[in-house]
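K.L.:
In my numbering, the protein residues as written are 437 to 1217.
1. At the level of alpha carbons, what is the spacing between residue 938 and residue 482?
2. How about residue 646 and residue 1203: do their beta carbons lie closer than 9 Å?
3. Please state whether the Cβ-Cβ distance between residue 669 and residue 537 is less than 9 Å.
4. Along the chain, where does the beta strand (DSSP E) that runs through residue 616 open and close?
5. Can you tell me which of the three DSSP states residue 1151 falls into?
6. Within its chain, find whatever has a CB closer than 7 Å to the CB of residue 611; leave out the 5 residues flanking it on each side and keep chain order.
7. For residue 437, count neighbouring Cβ atoms within 10 angstroms of its own Cβ and tell me buried if that reaches 16, exposed if not.
8. On the three-state DSSP scale, how would you describe residue 882?
9. Mapping the DSSP letters down to three states, classify residue 495 as helix, strand or coil.
10. Cutting at 8 Å between CB atoms, please list the residues of its own chain near residue 1174, excluding the five before and the five after it.
11. If you drop the 5 nearest sequence neighbours on each side, which residues of the same chain put their C-beta closer than 6 Å to that of residue 962?
12. Can you give me the C-alpha to C-alpha distance between residue 1197 and residue 615, rounded to a whole angstrom?
13. At 4 residues or longer, and completely inside the stretch 716-790: list those alpha helix (DSSP H) runs for me, N to C.
14. Which stretch, first to last residue, makes up the beta strand (DSSP E) that contains residue 1156?
15. My assumption, with CB atoms under 8 Å, is that residue 825 sits in contact with residue 803. Please give the rounded CB distance.
16. I need the straight-line Cα distance from residue 925 to residue 1067, nearest angstrom please.
17. Indicate the three-state DSSP secondary structure (helix, strand or coil) for residue 903 in the structure shown.
18. For residue 1075, which three-state DSSP category applies?
19. With three or more beta-carbon pairs closer than 8 Å as the criterion, would you say the stretch 878-896 touches the stretch 511-529?
20. Please determine, among 685, 702, 703, the residue with the shortest C-alpha to C-alpha distance to residue 695.
21. Helix or strand or just coil, what does DSSP make of residue 484?
22. Identify whether residue 470 lies in helix, strand or coil by the three-state DSSP scheme.
23. In whole angstroms, what is the alpha-carbon distance linking residue 653 and residue 886?
24. Using the beta-carbon count (16 or more within 10 Å), is residue 774 buried or exposed?
25. Would you list the residues sitting across from residue 1088 in a DSSP beta bridge?
26. What does the Cβ neighbour count give for residue 1145, buried or exposed, with the cut at 16 atoms within 10 Å?
27. List the endpoints of the continuous alpha helix (DSSP H) containing residue 806.
28. Just tell me which of 1079, 990, 755, 717 has its CA closest to the CA of residue 1027.
29. If you follow the beta strand (DSSP E) that residue 896 is part of, which residue opens it and which one closes it?
30. What residue from 546, 602, 604 has the CA that sits closest to residue 580's CA?
31. Is it buried or exposed for residue 856, if we count other Cβ within 10 angstroms and need 16 for buried?
32. May I ask you to verify whether the stretch 1100-1112 touches the stretch 1122-1141, counting CB pairs closer than 8 Å and requiring at least 3?
33. Report buried or exposed for residue 919, applying the criterion of at least 16 other Cβ atoms within 10 angstroms of its Cβ.
34. Where DSSP assigns a beta bridge to residue 690, which residues make up the other side?
35. Considering just the uninterrupted stretch of the alpha helix (DSSP H) at residue 819, what are its terminal residues?
36. For residue 500, name the three-state secondary structure that DSSP assigns.
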């Protein structure tokens, strides 16, 4: 830790990376930092004047770091991690130790994700590729007053550009290893009367970095769930093929009133990351899985069992088709002191049937007859010639298939008042969504000649089909005002009253492995909550801003997979300091926080069952530092550093308090990022070189430690660095077009790290992407 702190202080800290959220038009000598403008408090402000922990990243910053979707934002802000849950469309977002990432429509995310002010209700539908963005703002800490929905961890706000009314555009072409190709075009059209428009298109493909040993084979689910049909196994794991489009049309009826319609559509086909087995649970299901695995040398199965990364694995994962669509209409009225804004939006997504090898046993050969013999203790029956598996006979410790869809409507009316004495933001918010999911679960599931085979053991292990529908509504009224007590002191008070109405229709429930106690039926619940924020700000000079803040947030309860659960709440206390020093050559921002976390909503896999419940109570505290420095012309240095500690105070599991053994998931104590860029002026442009290094300390992937030392090693990832680099030339001017040419590399040293490792009968690990590299050409015209 001392080494990391020393490096961070030596290089200078920055949450926003090297580029900036928005450039100030004022010119300088090339050694001053540009102003960063954000809308974190629903009004345009300099980030240094905002009394909250927020990091802003511009399009240039994201391009330089090759952020191709929201998951790549991981580590670009302190104490913020975004990991794939093996499947590309389901991320785990962790802010200040609080984890969000449940796929069920019955569970609200703990991190709110917004696109141009529109709340994205389902995390599953939030991982659209970023075709055209202006900036991304990451807010840390509970969001209980200004943003559309309550959240206990924080918010990620994605802002896309407005049309300019001028004929101009930019394009990007990139190609690299693993047959990767990325092309993007954004075009502003000339204004036509009161109308202006911007159109963007993106195509992104990646062949996958790990061969699948099951390529060429398939699985048919019709005996389990008619209509699924046959799903071919993917040829390579980690692959993706994405097409996305965004359209923005603005109508400026007068200088005081305008309307902007925005449309986004993403059509993606992705394949899960490669899954391996690190060990087996120390319970009856783990012992059975280990016994089946021990016979694979006899049956000819392919083992994915390894403590190191395998060059190829046998995973029963298919392509996952996902379509995401969104429409919004934003109206702005500028009445001088009073400004009104209304955001109306409709969004939907559809995820077609796909299968995913969550337990990493795709190559395991075993028949239903052998399973019955093994359960009876008949070893001779397991080895009998007549029951041996054929070429397409497999047995899965856990087999999953899923389809889901969701649509939502939201409307938010905002009113902003600004005077010399005070600023006020107030509004009304409405949200309604309907989501439906069907999940197939197979525990120790035999597959005969490619057909999922129901057996009498289904009732024993809990195999079957679950189908549910969720209808959620939320109403809220909020207000937050800042009183300028003196030119140096501000007092801010805010509050939000929210009503959440939840309705869950459990349509089918034959797969009891999903856990829960409720059967088929309709269940409704209503929750009411008042959340608040109070902030005291002090600016002794124009370059220093200190603040003290107390705020609260909550997430509504509901029913997930037959498990009723209550709301969770969090109260946070924070001290912050924001400074710009040495004639704006150094920007240094710091924050410390303490949070009291109650009734945590937790999803766990225990004893072959999925459980969703309220854990009890926890506390989380930590510190964050962000700096950016320009010590000399052409040299830009940046870093951020986060420290967090997450302690369970009470966690009742199966009637036992396990708080003394429970571990925070996906929440390393230390995260850090170091960046550097050097550029020089030349006759042919600006040659540059840049490097980014992101660090995370040990992080745990399972709640409780394993009693088996071999298995325990797979429950956590040891500390590691990921290093990215880029070298090239910017500002190559040919005619009226400006070009940039560069070569890039991500995970430069090919670090083998697994950022997801669930315990589902087996202890599994999903390795992150290996080293990628390529060449990129950008153009502005």
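Every residue, glycine too, gets a C-beta built ideally from N, C-alpha and C.
P.N.:
This is what the structure gives:
1. The residue given as residue 938 occupies position 502 in the chain shown. The residue given as residue 482 occupies position 46 in the chain shown. If I take the Cα positions, the gap works out to 39 Å.
2. The sequence position of residue 646 within the chain shown is 210, counting from 1. The sequence position of residue 1203 within the chain shown is 767, counting from 1. Taking 9 Å as the Cβ cut-off, residue 646 and residue 1203 qualify as a contacting pair.
3. Working through the chain shown from its first residue, we reach residue 669 at position 233. Working through the chain shown from its first residue, we reach residue 537 at position 101. Judged by their CB atoms, residue 669 and residue 537 are not nearer to each other than the 9 Å cut-off.
4. Against the chain shown, residue 616 aligns to sequence position 180. Unbroken beta strand (DSSP E) run through residue 616: 616-628.
5. Position 715 of the chain shown holds residue 1151. Correct three-state label for residue 1151: coil.
6. Along the chain shown, one-based indexing puts residue 611 at 175. So the qualifying residues of the chain are 617, 1210, 1211.
7. As a position in the chain shown, residue 437 is number 1, starting the count at 1. Its pLDDT being 41, under 50, residue 437 is placed unreliably by the model, and nothing is read from it.
8. Counting from one through the chain shown, the residue named residue 882 turns up at place 446. Note: residue 882 maps to strand in three-state DSSP.
9. Taking the first residue of the chain shown as position 1, residue 495 is located at position 59. Three-state result, residue 495: helix.
10. Position 738 of the chain shown, counting from 1, holds the residue named residue 1174. Counting only Cβ-Cβ distances below 8 Å, and skipping sequence neighbours, we find 1167, 1168, 1215, 1216, 1217.
11. As a working note, residue 962 is residue 526 in the chain shown. Contacts found: 937.
12. Numbered from 1 along the chain shown, position 761 holds the residue referred to as residue 1197. Numbered from 1 along the chain shown, position 179 holds the residue referred to as residue 615. Taking the straight line from one Cα to the other gives about 35 Å.
13. 720-730, 732-735
14. For the purposes of this step, residue 1156 is taken as residue 720 along the chain shown, with counting starting at 1. Unbroken beta strand (DSSP E) run through residue 1156: 1156-1170.
15. Here residue 825 refers to the residue found at position 389 of the chain shown. Here residue 803 refers to the residue found at position 367 of the chain shown. Yes, residue 825 and residue 803 are in contact; Cβ-Cβ is about 5 Å, under 8 Å.
16. Along the chain shown, read from residue 1 onward, the residue named residue 925 stands at position 489. Along the chain shown, read from residue 1 onward, the residue named residue 1067 stands at position 631. Their Cα atoms are separated by approximately 31 Å.
17. Position 467 of the chain shown, counted from the start, is the residue given in the question as residue 903. Here residue 903 sits in strand by DSSP.
18. To locate residue 1075, count along the chain shown from 1; it is residue 639. In this structure, residue 1075 counts as strand in the three-state DSSP scheme.
19. no
20. Reading the chain shown from its first residue, position 259 is the one you call residue 695. With distances taken between Cα atoms, residue 695 lies closest to 685.
21. Numbered from 1 along the chain shown, position 48 holds the residue referred to as residue 484. Of the three classes helix, strand and coil, the one that applies to residue 484 here is helix, per DSSP.
22. In the chain shown, residue 470 corresponds to position 34, counting from 1. Residue 470: coil per DSSP, three-state reduction.
23. Here residue 653 refers to the residue found at position 217 of the chain shown. Here residue 886 refers to the residue found at position 450 of the chain shown. Straight-line Cα distance between these residues: approximately 8 Å.
24. Taking the chain shown and counting its residues from 1, one reaches residue 774 at position 338. Taking all protein chains shown into account, residue 774 has fewer than 16 neighbouring C-beta atoms within 10 Å of its C-beta and is therefore exposed.
25. Mapped onto the chain shown, residue 1088 falls at position 652. Per DSSP, 1093.
26. For this step, residue 1145 is matched to residue 709 along the chain shown. That one is exposed.
27. Taking the first residue of the chain shown as position 1, residue 806 is located at position 370. 804-811 is the span of the alpha helix (DSSP H), which, as asked, contains residue 806.
28. To locate residue 1027, count along the chain shown from 1; it is residue 591. Residue 1027 has its Cα closest to that of 1079, out of 1079, 990, 755, 717.
29. Here residue 896 corresponds to residue number 460 of the chain shown, with the count starting at 1. Not the beta strand (DSSP E): residue 896 falls in the alpha helix (DSSP H), residues 894-897.
30. For the purposes of this step, residue 580 is identified with residue 144 of the chain shown, where counting begins at 1. Residue 580 has its Cα closest to that of 546, out of 546, 602, 604.
31. In the chain shown, the residue the question calls residue 856 occupies position 420. Residue 856 comes out exposed.
32. yes
33. On the chain shown, residue 919 is found 483 positions in, with the first residue counted as 1. Residue environment for residue 919: exposed (fewer than 16 other C-beta atoms within 10 angstroms of its C-beta).
34. On the chain shown, residue 690 is found 254 positions in, with the first residue counted as 1. Per DSSP, 693.
35. Position 383 of the chain shown, counted from the first residue, corresponds to residue 819. First-last of the alpha helix (DSSP H) with residue 819: 815-819.
36. Along the chain shown, one-based indexing puts residue 500 at 64. Residue state, collapsed to three classes: helix.
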